[in-house]
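**Q** Have a look at the structure that comes next, please.
Residue numbers (my numbering): 1384 to 1668.
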């Protein structure tokens, strides 16, 4: 009998988990702008009150500019550490929602270094290593690991892991902002809600709507417009499950040599990994 990591789900921040692009193929895509900077939204004020509700299906262009400014800043980050805490609803067979919490610590070095240490409320822990050549997933509790050949960039590897192995990398969408591509027509409405505190820092809160998805994003004010919180509601599901994630950043972080290379611990065992199409990729292939 071949042991496998069966459709291992390492979900998701997504710092923009489904703000954006193809790494969240199950969700409609939202735009990522061209990279020019923009001033804070015109309605922003230090008072923190919510802005008046916009007309139905109105898209405030200042909201898209704010997303564009955030994307441009993210593209300047060559290395960073990101700690996330997320709550994700799962719809039970009887239609009731059940919530699962997850934490993740991402260490990122562009263009080809990634380590993700993930825990959930059930006590599961998995660590993902990527070094530009291979991607490995290791379970410290079972001491099983799987290793696959990987493409040379972060943007490519998150796509391969998602599409080929059904693995959602937390905050995968962050690596797609590099493209600077966006389809503004995907946004059906966009509004500025006001100033809000996240972990004690002031942010601008925005609400957006796409086909099948309502989402909010909280972007840090000032010269470092980082995404600090994201909330997504799947409106195509009658239960309206929600995913919310809070992000804590350490920009400019440096990491020891070898942080992105997986070295099998003593007593660990390499196993097969089950692919998205149901086939099994045997160890060593």
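All residues carry an ideal CB built from backbone N, CA and C; glycine is no exception. Since this is a predicted model, take the numbers as computed values, not measurements.
When the Cα atoms are used, what is the spatial distance from residue 1630 to residue 1582?
**A** Looking up residue 1630 in the chain shown gives position 247. Looking up residue 1582 in the chain shown gives position 199. Answer to the nearest angstrom: the Cα atoms are 9 Å apart.
**Q** Mark residue 1415 as exposed unless 16 or more other C-beta atoms lie within 10 angstroms of its C-beta, in which case mark it buried.
**A** For the purposes of this step, residue 1415 is taken as the residue at position 32 of the chain shown. Here residue 1415 scores only 36 on pLDDT, less than 50, and its place in the model should not be relied on; the value that follows carries that caveat. Residue 1415 is buried by the Cβ-count criterion.
**Q** Is it the case that the Cβ atoms of residue 1645 and residue 1492 are separated by a distance below 8 Å?
**A** The count along the chain shown starts at 1 and reaches residue 1645 at position 262. The count along the chain shown starts at 1 and reaches residue 1492 at position 109. It is not a contact, given that the beta carbons lie outside the stated cut-off.
**Q** Could you tell me the alpha carbon to alpha carbon distance between residue 1517 and residue 1441, rounded to whole angstroms?
**A** As a first step, residue 1517 is located in the chain shown; it is residue number 134 there, counting from the start. As a first step, residue 1441 is located in the chain shown; it is residue number 58 there, counting from the start. Straight-line Cα distance between these residues: approximately 45 Å.
**Q** Which one of 1568, 1471, 1559 has the shortest CA to CA distance from residue 1627?
**A** As a position in the chain shown, residue 1627 is number 244, starting the count at 1. Of the listed residues, the one whose Cα sits closest to residue 1627 is 1471.
**Q** Quick one: what's residue 1503 bridged to in DSSP?
**A** In the chain shown, the residue the question calls residue 1503 occupies position 120. In DSSP, residue 1503 forms a bridge with 1485.
**Q** From residue 1483 to residue 1476, what distance separates their C-alpha atoms?
**A** Within the chain shown, the letter at position 100 stands for residue 1483. Within the chain shown, the letter at position 93 stands for residue 1476. Roughly 16 Å separates the two Cα atoms.
**Q** In the DSSP assignment, find the beta strand (DSSP E) that holds residue 1529 and state where it starts and stops.
**A** Here the question's residue 1529 lines up with position 146 in the chain shown. Here the beta strand (DSSP E) through residue 1529 covers 1527-1532.
**Q** Take the Cβ of residue 1612 as the centre, count every other Cβ of all protein chains shown within 10 Å, and call the residue buried at 16 or more, exposed below.
**A** As a first step, residue 1612 must be located in the chain shown, where it is residue number 229. Looking at its Cβ environment, which holds 16 or more other Cβ atoms inside 10 Å, residue 1612 is buried.
**Q** Quick check on residue 1552: does DSSP put it in helix, strand or coil?
**A** Mapped onto the chain shown, residue 1552 falls at position 169. Three-state result, residue 1552: coil.
**Q** Unbroken alpha helix (DSSP H) runs of length 4 or more, entirely within the stretch 1543-1622: which are they?
**A** If we require 4 residues or more, the stretch 1543-1622 turns out to have no alpha helix (DSSP H) run fully inside it.
**Q** From residue 1659 to residue 1549, what does the alpha carbon distance come to, in whole angstroms?
**A** As a working note, residue 1659 is residue 276 in the chain shown. As a working note, residue 1549 is residue 166 in the chain shown. Rounded to whole angstroms, residue 1659 to residue 1549 spans 5 Å at the Cα level.
**Q** Excluding the five sequence neighbours on either side, which residues of its own chain have a C-beta within less than 7 Å of the C-beta of residue 1535, listed in chain order?
**A** Numbered from its first residue, the chain shown carries residue 1535 at position 152. Here the set comprises 1495, 1515.
**Q** Once DSSP output is grouped into helix, strand and coil, what is the label at residue 1475?
**A** What you label residue 1475 is simply residue 92 of the chain shown in a count that begins at 1. DSSP places residue 1475 in coil when its eight states are reduced to three.
**Q** In the DSSP assignment, the alpha helix (DSSP H) including residue 1640 goes from what residue to what residue?
**A** As a working note, residue 1640 is residue 257 in the chain shown. Neither: residue 1640 is in no alpha helix (DSSP H) and is coded neither H nor E.
**Q** Quick check on this structure: which residue in 1619, 1481, 1587, 1526 has the alpha carbon closest to the alpha carbon of residue 1574?
**A** In the chain shown, residue 1574 corresponds to position 191, counting from 1. Of the listed residues, the one whose Cα sits closest to residue 1574 is 1587.
**Q** Can you tell me which of the three DSSP states residue 1651 falls into?
**A** Within the chain shown, residue 1651 is the residue found at index 268, counting from 1. In this structure, residue 1651 counts as coil in the three-state DSSP scheme.
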